[in-house]
Amino acid sequence: YHLQGIGANLHQLKSTIGVEYDYIDGKPEIVTEETFFTKFIKDRFIQSRRISINALKEGLTLNGSIPISENLCTMPLDVVQRLMFSNPLIRAKDVIEILNPKYCVSWEQADVKAEDVPGIREEQQKFFETTLIPFLKKKEGLASEEQSDFLNSFLSFCTGYGYLPDRAGNPEYGIDIEFELLHTYPYPKSHACPEPRSVLVLPGKLCIQKDFITNFEAAVLSYKGRFDMQ
Numbered sequence: 181y182h183l184q185g186i187g188a189n190l191h192q193l194k195s196t197i198g199v200e201y202d203y204i205d206g207k208p209e210i211v212t213e214e215t216f217f218t219k220f221i222k223d224r225f226i227q228s229r230r231i232s233i234n235a236l237k238e239g240l241t242l243n244g245s246i247p248i249s250e251n252l253c254t255m256p257l258d259v260v261q262r263l264m265f266s267n268p269l270i271r272a273k274d275v276i277e278i279l280n281p282k283y284c285v286s287w288e289q290a291d292v293k294a295e296d297v298p299g300i301r302e303e304q305q306k307f308f309e310t311t312l313i314p315f316l317k318k319k320e321g322l323a324s325e326e327q328s329d330f331l332n333s334f335l336s337f338c339t340g341y342g343y344l345p346d347r348a349g350n351p352e353y354g355i356d357i358e359f360e361l362l363h364t365y366p367y368p369k370s371h372a373c374p375e376p377r378s379v380l381v382l383p384g385k386l387c388i389q390k391d392f393i394t395n396f397e398a399a400v401l402s403y404k405g406r407f408d409m410q
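Note that the sequence shown covers residues 181 to 410 in my numbering.
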């Protein structure tokens, strides 16, 4: 698991070379190309996680006085994870609270005239407030179990996880919605890697068309349990 985490974040962590880093067991040091692999990776991924895991073990078992393994042995691991570290009940208002719209992204590169930007931004804001938000609220209110599971699928599509982490322990967690004017494909796409905030990319112009919300729903539902939309 340590190696998986290192591989997934290595390209982002390369930017720490030349930057001062506070090591757990020592004084702050500038990360060099040599210490990046010999010291920084070990401290960031192994030592810090070891401390966190040991602290969790001590807290969950009250320093060994509670047989936590016996109590949880019959529960699936994903259920334990959701109950202990997230809100198992997903409500539309909780999802909406973590959404942060960013309008007219890359308008200069898309050869959009400056005088047209306010009008495009107004249309995008209207879509977010009067179409997307009511759509998410409606999905929560539907009686069908299959349909009400849409919020779970939406989170999976945007973040890779079908649940909301505890906000007290993850105050920066959220989803940035970029209305990307360079994105001309009539479906949404997402970037779940830049934690703690994931990115949902919507086509800046096509999203305001009436049939886009249908494409949006189809993309979200087709994603669940897979990594493509075929």
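All C-beta atoms in this analysis are idealised placements derived from N, C-alpha and C, irrespective of residue type, glycine included.
Taking the beta strand (DSSP E) that residue i belongs to, which residues open and close that run?
{"i": "Y341", "result": "Segment: none, Y341 is in no beta strand (DSSP E) and carries neither H nor E."}
{"i": "L279", "result": "L279 to V285"}
{"i": "K222", "result": "Neither: K222 is in no beta strand (DSSP E) and is coded neither H nor E."}
{"i": "K369", "result": "K369 to H371"}
Could you compute how far the alpha carbon of residue i sits from the alpha carbon of residue j?
{"i": "Y201", "j": "R229", "result": "17 Å"}
{"i": "E309", "j": "K317", "result": "11 Å"}
{"i": "G198", "j": "I276", "result": "38 Å"}
{"i": "E397", "j": "V297", "result": "27 Å"}
{"i": "L386", "j": "P366", "result": "6 Å"}
{"i": "D391", "j": "S378", "result": "25 Å"}
{"i": "G340", "j": "V381", "result": "15 Å"}
{"i": "R301", "j": "V400", "result": "24 Å"}
{"i": "N395", "j": "R271", "result": "23 Å"}
{"i": "E209", "j": "D223", "result": "12 Å"}
{"i": "V285", "j": "I231", "result": "40 Å"}
{"i": "E320", "j": "I233", "result": "35 Å"}
{"i": "S402", "j": "K306", "result": "26 Å"}
{"i": "K419", "j": "K207", "result": "The structure shown has nothing for residue 419, since the chain only spans 181 to 410."}
{"i": "I357", "j": "L312", "result": "11 Å"}
{"i": "E214", "j": "I221", "result": "11 Å"}
Going by DSSP, what residues sit across from residue i in a beta bridge?
{"i": "R377", "result": "G354"}
{"i": "I210", "result": "E200"}
{"i": "F359", "result": "L382"}
Write down the C-beta distance between residue i and residue j rounded to the nearest angstrom, noting that I regard them as a contact closer than 8 Å.
{"i": "Q304", "j": "L362", "result": "Incorrect: roughly 14 Å between the Cβ atoms, too far for contact."}
{"i": "F359", "j": "K282", "result": "7 Å"}
{"i": "G342", "j": "N332", "result": "4 Å"}
Where do the N-terminal and C-terminal ends of the alpha helix (DSSP H) with residue i fall, by residue?
{"i": "L401", "result": "F392 to Y403"}
task: Ignoring anything shorter than 4 residues or poking outside the segment 295 to 337, list the alpha helix (DSSP H) runs there in chain order.
output: 297 to 307, 313 to 321 and 325 to 328
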